[in-house]
Every structure is written in structure tokens, then in C-alpha cells.
Amino acid sequence: MLKKLKQSKIKFITILSSLFLALFISVPIICIVTHTTLSALITSILSEEIQFAIRLSLGTAAISTIMCIAISIPAAYALARYDFFGKSFVNTTLDAPLALPPLVAGVSLLILFGTTSFGKALADAGLVLVFTPLGIIIAQFFVNVPFMLRILRGTFQGINPRYEHVAETLGCTKAQAFWRVTLPMSKNGFLAGSIITWSKGIGEFGAALMLAGATRMKTETLPISVFLNMSCNELNLAIAAATILIIISLISLFVFERYGGFTRVF
Amino acid sequence: MIRIENLSKDLGEFFLRDVSLEINDGEYFMVLGPTGAGKTILLETIAGIYHADSGRIFLDEQDITDIPPRERNIGMVYQDYTLFPFLTVEENIGFGLKTRKVTKREIKRRVEELANLMGVSQLLHRYPGTLSGGEQQRTAIARALIMEPKVLLLDEPLSALDTQTAERLRQELKNIHSITNTTIIHVTHSFEEAFLLGSRMAVMNKGEIVQVGTPNDVFRKPESEFVAEFLGVGNLFQGKSRVDNGIACIDVGDINIVSATLKSGSVHVSIRPEDILVSTKQIVSSARNSFKGKIASIVDAGTTLKIAVDVGIDNPFIVAITKQSFDELNLKTGGEVYITFKASAVHVF
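As you go down the protein sequences, you meet chains A and B in turn. Note that the working numbering has the first sequence beginning at 26, numbered continuously upward. Note that the working numbering has the second sequence beginning at -6, numbered continuously upward.
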């Protein structure tokens, strides 16, 4: 095997670099997981703080994902099916959060909800977004909605409108045709979009940090927990939170590759 | 009856321009035209998928121009079947009745009935992705027919199928039409289909209807250069074919035409005008068909001349010859000539 590899320098060098890259990525991850003993890890994971962070992360990510789906279905459908004035402007704008550093997105959200009269009106109405779990949800939504939108837009574009046409001749209203035909046909897109949005929501740090802050046991999601515990040298707790994040990413990566890998994200 | 008055629709690449048509109850109506003629968009506008820019559509004297597709009761079958891939054959066929809130038992009964009619009853639990093209098309037709539509629109239903399957399904379409007596509008680019199925037909080009009539009329009396060119063939006869000794002999009246296409029974025969030789004396050759006749007319068709030769049957043979040959042979109206063509030039369908 090695002899064969040496026959071609290029082959040897390229394969070596890919192996090195794989090593460079897997070793640090393994380092985190193996840094403490298993019993210390389990104790940390079962601690009240980490349990709180797990619940808050899963919960906020689930809610922001549902919000992303709810708004992306009509928006993506319009962008896939209709031509309208300002369509390319809308397309570009909706992609902006992808390019924006999450930290900057968070600052802009903080200014909007914390300093403007619009933000104050929302707060007066009971929707306090600054330094609250609600802020985490909004931050995740802001950063992640372009992913959901792009996946659903691509999915809808890939479905021939003739399916809806036929459904309409079979007694459906336009809404029924969408509900009974297009939606079931978009199943894979929804699955892929939800997994991406949800797992990115769980990992969301920058924007959430700016808008919701990092308050222990209040806005402490898993990434915030890693950050807080690293800052106060609580290495075991930080590693516990990081380990959970790794597990969640690996599972979603697997599910995405398995069921939604064909969906075009970009 | 369906009446279309001055219908126009512009979708950019495809468009309809001032289309007027009347289609009678129970009629099998063909719409024939080349790709891009606007055939599909005509069907889609009749179905209500697109709203007409101008003009009206009447179904049984009711103006349906502004009525949504679901209230028109017009069935539509696309060329690519558009079966719902996530539903079984059974669920596909029953889709429309479910919309109408028919009871489950009744849906099951009707689905079985339609599946029987279309010959897909053994496929009810399969998904469309596992079916052949012919099976998918049958399912799609069953799905449309279960609604008992007043009009069934078929968009090139046979053109995605292989020749054998297409031929079988064509025969079945004819049977279904006579069983259900549904008004059918069938779009195609194949003249053969139009001829075999249609009681009347319309020829379309560039979004307009250029001629309407029985297939025979349109074929015999093309009203424009386009129709003549598009239909292409020049000689069409009906007759009874007998296959004997590896050759088909077709009695088309007072003469027998020999063909290499082995098909027996009642058939149509066509011969392209370019494939017929004309001579002033009988020629001895390997060609199996040779008839004596009189020149009935001579028409200048640009680069060639079209000569009608009366051989004593209802319709004269049309022969295309170059101007040089015409001059050399010194042909005149009323003159006696021989026409000769090979058995392999005789197209039987």
C-alpha cells in the first residue's frame, strides 16, 4: 500500500493532507470529551446548571425553528412561484444574515429592541426581548431563518406547479392543493431545513450573547454555559456543556446526510 | 357543449391568440400542432389553470371563464402524468373524491370500478415511482375520470410511451370514450393519432387555430400552406388489408395496394407524393405497385409540381415531381400516365 502511494508523489501528498485535516478536526473534539473522567462528566451533566442549559437550548431552538418554518413556508413559496416587484431585493435582503457576523446581528437587534421606541412599545406590551430567554429565540430566528428559507425555496422550486394544477382540477382550492400536494412533496426539504435550523439554533452564541446576555440560570444556553464556565474556570461544567453540543451536532449531521443531503443550501 | 370565443392568453413563451372553437357533447376532439403551437396552454386555459386575458369559455351555455378549476368539472391529464408520488395508485385515483368528501366505502367502490376500466386494478397498492409509463398514464386517466368530468383534457397522452404501449392505450382511449361518452379534447402532434381517434380536429400554429374539420377534410383540403406542410403526407386511402405470404394487400376500392407493413383488417394507407414515380410508359421494376391513370390536375408547388393522377378510385393520387421531369415527360392535364411506388413506401396504420 505505502509502496504504491510512493509511486505517485501527488497522490501521496494529497491523501496525506486529507488525513492530516481529518486528524486536526477529530483530535481536539476527542480531547474535549476525554479531558475529564467519565464519572465527573456524568456528574456535571446531571448538575442543575447544565440541566437548565440543556432544557433552555433545546426549547429555544425548537421554538425558533417553528417560527422559521411558519414564516418561511409562505415567503419561500412566493419567492419560488411568483414574480413580483422587488423580488431580487427581497432575495438579497433575506440572505444578509448569512453573511453578517452573528455578533453584529446581535448588536443590531439589541439596538432595535433596546433603544428604539418600537422596542419600548414591544416591552410595554409584555414582549421584553433584551436580556431574556425570549431574546435568545429572536436572535436564533434572525440568524437562522435564511437557511430555512433557502432550503424551502429550493424545495418548492423543484416541484412542478402542474401537480397543484392537477389537484385544482380535482376539486382543490389553491390552499388545499398546497396543503395536500406540495407540502407532502416537500417533506425532505422540511426535514433538512428543520434539522439545520434547530442544530444551528442550539449552537447560536454571538447574536444571543448580545441580545439576551449571559446570565447564569437565566439566559444560559449550552454555548453560553461553555463561555461562562470557561470564564470562571469551571472546566468540568464547560466540558459537559461542550460534550452535549458535540453529540447534538453529530446526530444532526448524520440525520441531515441521511435524509436531506440532496437539498441545496447555497 | 363547450364553446370558446376569441380566447387569448399570453404567457410569454407560450400564447393563445383569438381562439374560437365549438366542441359538441360526447365528441372526441383532437388538437393537432407542432411543439410550441400553444396546445397545452389552450387546455390549461379551458381547465381554468390560467385565466384568459380576453375571450370567453362556455360549458353547456354557462360562462365558466371566471370560475376556478375546481368548480368547472373539467379533467386534465398531463403528458408527464403528474401522479402524486407520495400516494399509492389507489389514493391517487381516489384523490378527487376525497376532496368532495365522499364516504370511504364509496371512494373504494368507485376507485375499483375505474381501476378495472383502466386495467390497473392489480396495481392499487403500488406507488407511482414503481410503475411503467403506460401504467402511470392509465392511473392518471382513471384519476381524472373518477370525477365524471364533463370534459376530459388529454395533453399528449401517448407521446411519452413506446410505440406498442401507445398503440394499445390509443385503442383503449377509443373504448373508454365509447363507454363513458365523455367529451374528450386530446392534444397531439401526431397526425396518425388525430386521424384514428378524432371525430373532428383543429390544427394549431403559433397560438392560433388555423383549420377545423374532420380529419379527412383537413387532410384532403388543407386551407393553408402550413397545414399541408405540417400534415406532410399527400395520399391517404382507407381499405381492407389481407396479409398473405409476408406481404399485405390492401383493397382500397377498385385497386389493390401492396405494402410491406403487415397489418390486417380495416386500415388507413398513406404514401408520400415524393415516393411515387410517374412515367408515360409502363416500367418494369422491383416496385410492387403500378397503376395506370389520367392526369386530373397540375399544381405548381414552388420547387416541385403536384400532379393529381386519377386511377379510377374516389381520390386521385398526388405525385410530386421536379420541373425538369415535368418538362421532359411533356405532361398535360388529361394525359395518360403510369404511377409506380414500392411496397415499402406504403405506410399502413
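Ideal placement from N, C-alpha and C gives every residue a C-beta, glycine not left out.
Nearest-angstrom Cα separation, counted from B:Ser263 out to B:Ile243: Along the second sequence, one-based indexing puts residue 243 of chain B at 250. Along the second sequence, one-based indexing puts residue 263 of chain B at 270. Going from the Cα of B:Ile243 to the Cα of B:Ser263 covers about 11 Å.
Counting only beta-carbon atoms, is B:Asn249 nearer than 8 Å to chain A? The sequence position of residue 249 of chain B within the second sequence is 256, counting from 1. So no, B:Asn249 is outside the interface.
Do B:Leu146 and B:Leu36 have their beta-carbon atoms positioned less than 8 Å apart in this structure? Stepping through the second sequence from its first residue, residue 36 of chain B is reached at position 43. Stepping through the second sequence from its first residue, residue 146 of chain B is reached at position 153. Contact: yes.
Taking DSSP's pairing of strands, which residues face B:Gly286 in a bridge? Sequence index remark: in the second sequence, residue 286 of chain B carries index 293 (1-based). In the DSSP output, where bridge partners are listed per residue, B:Gly286 has B:Val330.
I want to know whether the region 81 to 95 of chain A touches the region 205 to 212 of chain A - three or more CB-CB distances under 8 Å. no
Report yes or no: is there a C-beta of chain B within less than 8 Å of the C-beta of A:His190? Taking the first sequence and counting its residues from 1, the one referred to as residue 190 of chain A is at position 165. Yes, A:His190 lies at the interface with chain B (some Cβ there is under 8 Å from its Cβ).
Closest residue to A:Glu189 among B:Val12, B:His182, B:Ile42 (Cα-Cα distance): One-based indexing of the first sequence puts residue 189 of chain A at position 164. It is B:Ile42.
Along chain B, in chain order, which residues have C-beta atoms closer than 9 Å to that of A:Val207? As a position in the first sequence, residue 207 of chain A is number 182, starting the count at 1. The sequence shown places Thr at residue 207 of chain A, not Val. Correct list: empty, because the minimum Cβ distance to chain B is about 10 Å.
Assign A:Leu129 to one of two classes, buried (16 or more other C-beta atoms within 10 Å of its C-beta) or exposed (fewer than that). In the first sequence, residue 129 of chain A corresponds to position 104, counting from 1. Before going further, note that residue 129 of chain A is Val rather than Leu in the sequence given. Burial call: exposed.
According to DSSP, what are the bridge partners of B:Arg56? Within the second sequence, the letter at position 63 stands for residue 56 of chain B. This sequence places Asp at residue 56 of chain B; Arg is not what is there. Paired residues: B:Phe51.
What is the rounded straight-line gap between the Cα of B:Asn187 and the Cα of B:Val220? Locating residue 187 of chain B in the second sequence gives position 194, where the first residue counts as 1. Locating residue 220 of chain B in the second sequence gives position 227, where the first residue counts as 1. Checking the sequence, you will find Ala at residue 187 of chain B rather than Asn. Those two C-alpha atoms are separated by around 14 Å.
Go ahead and pull the three-state DSSP assignment for B:Arg136. Here residue 136 of chain B refers to the residue found at position 143 of the second sequence. It is helical.
Give me the residue from A:Ile221, A:Ala150, A:Asn261 with the minimum Cα distance to A:Ser274. Working through the first sequence from its first residue, we reach residue 274 of chain A at position 249. Of A:Ile221, A:Ala150, A:Asn261, the residue nearest in Cα terms is A:Ile221.
Please list the terminal residues of the continuous beta strand (DSSP E) segment that includes A:Gly218. Here residue 218 of chain A refers to the residue found at position 193 when the first sequence is read from its first residue. It is not in any beta strand (DSSP E) - A:Gly218 instead sits in the alpha helix (DSSP H) that spans 212 to 228.
Since A:Phe166 and A:Ala237 should fall inside the 8 Å C-beta cutoff, what is the C-beta to C-beta distance between them, to a whole number of angstroms? Start at 1 with the first residue of the first sequence, and residue 166 of chain A comes out as number 141. Start at 1 with the first residue of the first sequence, and residue 237 of chain A comes out as number 212. 12 Å between Cβ atoms; not a contact.
Looking at A:Ser250: is its Cβ nearer than 8 Å to the Cβ of A:Ile75? Start at 1 with the first residue of the first sequence, and residue 250 of chain A comes out as number 225. Start at 1 with the first residue of the first sequence, and residue 75 of chain A comes out as number 50. Yes, Cβ-Cβ distance for A:Ser250 and A:Ile75 is below 8 Å.
So, B:Leu76 versus B:Leu107, is the Cβ gap smaller than 8 Å? Position 83 of the second sequence, counted from the start, is the residue given in the question as residue 76 of chain B. Position 114 of the second sequence, counted from the start, is the residue given in the question as residue 107 of chain B. No, they are not a contact pair.
Going by DSSP, what residue range makes up the beta strand (DSSP E) through B:Phe8? What you label residue 8 of chain B is simply residue 15 of the second sequence in a count that begins at 1. Residues 8 to 16.
For B:Pro142, count neighbouring Cβ atoms within 10 angstroms of its own Cβ and tell me buried if that reaches 16, exposed if not. Here residue 142 of chain B refers to the residue found at position 149 of the second sequence. Result: buried.
I want to verify the contact list: residues of chain B whose CB lies under 7 Å from the CB of A:Arg241, in sequence order. Translated into the one-based positions of the first sequence, residue 241 of chain A becomes position 216. Near A:Arg241 there are no residues of chain B at all, since even the closest Cβ is about 47 Å away, more than 7 Å.
Applying the 10 Å Cβ sphere with the 16-neighbour rule, what's the burial state of B:Pro130? In the second sequence, residue 130 of chain B corresponds to position 137, counting from 1. Before going on, a small fix: residue 130 of chain B reads as Gln here, not Pro. The residue in question, B:Gln130, is buried, as its Cβ has 16 or more Cβ neighbours within 10 Å.
Is there at least one Cβ from chain A nearer than 8 Å to B:Arg163's Cβ? Residue numbering aside, residue 163 of chain B sits at position 170 when the second sequence is read from its first letter. Output row for B:Arg163: interface = no.
For the region 249 to 325 of chain B, list the beta strand (DSSP E) runs that are entirely contained and at least 3 residues long, ordered along the chain. 249 to 252, 258 to 264, 270 to 272, 282 to 294, 297 to 303, 310 to 315
Quick one, are the C-beta atoms of A:Leu247 and A:Ile269 less than 8 Å apart? Indexing the first sequence from 1 puts residue 247 of chain A at position 222. Indexing the first sequence from 1 puts residue 269 of chain A at position 244. Taking the C-beta atoms as reference points, A:Ile269 is found nearer than 8 Å to A:Leu247.
Starting from A:Cys197, find everything on chain B with Cβ-Cβ shorter than 8 Å and list it in chain order. Taking the first residue of the first sequence as position 1, residue 197 of chain A is located at position 172. Within 8 Å Cβ-Cβ: Arg63, Thr92.
Report buried or exposed for B:Val292, applying the criterion of at least 16 other Cβ atoms within 10 angstroms of its Cβ. Numbered from 1 along the second sequence, position 299 holds the residue referred to as residue 292 of chain B. Exposed is the call here.
Which partner residues of B:Met69 appear in the DSSP bridge assignment? Sequence index remark: in the second sequence, residue 69 of chain B carries index 76 (1-based). Looking at the DSSP assignment, B:Met69 forms a beta bridge with B:Leu146.
Going along the region 45 to 58 of chain B in order, which residues come within less than 8 Å of chain A, judged by CB to CB distance? none
Could you tell me whether the region 324 to 332 of chain B touches the region 279 to 298 of chain B, using the rule of 3 or more Cβ pairs below 8 Å? Contact holds between the region 324 to 332 of chain B and the region 279 to 298 of chain B, because three or more Cβ pairs, one in each stretch, are under 8 Å apart.
Could you compute how far the alpha carbon of A:Leu66 sits from the alpha carbon of A:Phe181? By 1-based counting over the first sequence, the position of residue 66 of chain A is 41. By 1-based counting over the first sequence, the position of residue 181 of chain A is 156. Rounded to whole angstroms, A:Leu66 to A:Phe181 spans 44 Å at the Cα level.
Let me make sure I understand the geometry here. Which of A:Ser64, A:Ala263, A:Ala239 has the alpha-carbon closest to that of A:Ile161? For the purposes of this step, residue 161 of chain A is taken as residue 136 along the first sequence, with counting starting at 1. When the alpha-carbon of A:Ile161 is set against those of A:Ser64, A:Ala263, A:Ala239, the nearest one is in A:Ala239.
For a cutoff of 8 Å on Cβ pairs, would you count A:Glu73 as touching chain B? In the first sequence, counting from the first residue as 1, residue 73 of chain A sits at position 48. By this cut-off, A:Glu73 is not an interface position.
Can you pull the chain A residues whose beta carbon is under 8 Å from the beta carbon of B:Met69, in chain order? Residue 69 of chain B sits at position 76 when you count from the first residue of the second sequence. Ordered by position in chain A, the residues that pass the 8 Å Cβ test against B:Met69 are His190, Val191, Thr194.
Just the C-alpha distance for B:Ser192 and B:Leu322, rounded to the nearest angstrom, thanks. For the purposes of this step, residue 192 of chain B is taken as residue 199 along the second sequence, with counting starting at 1. For the purposes of this step, residue 322 of chain B is taken as residue 329 along the second sequence, with counting starting at 1. Straight-line Cα distance between these residues: approximately 41 Å.
What is the residue span of the alpha helix (DSSP H) that B:Glu(-2) lies within? By one-based count along the second sequence, residue -2 of chain B stands at place 5. B:Glu(-2) -> not in any alpha helix (DSSP H); beta strand (DSSP E) instead, spanning -5 to 3.
Under 8 Å between C-beta atoms, does A:Arg187 make it to chain B? For the purposes of this step, residue 187 of chain A is taken as the residue at position 162 of the first sequence. True, the Cβ-Cβ gap to chain B drops below 8 Å.
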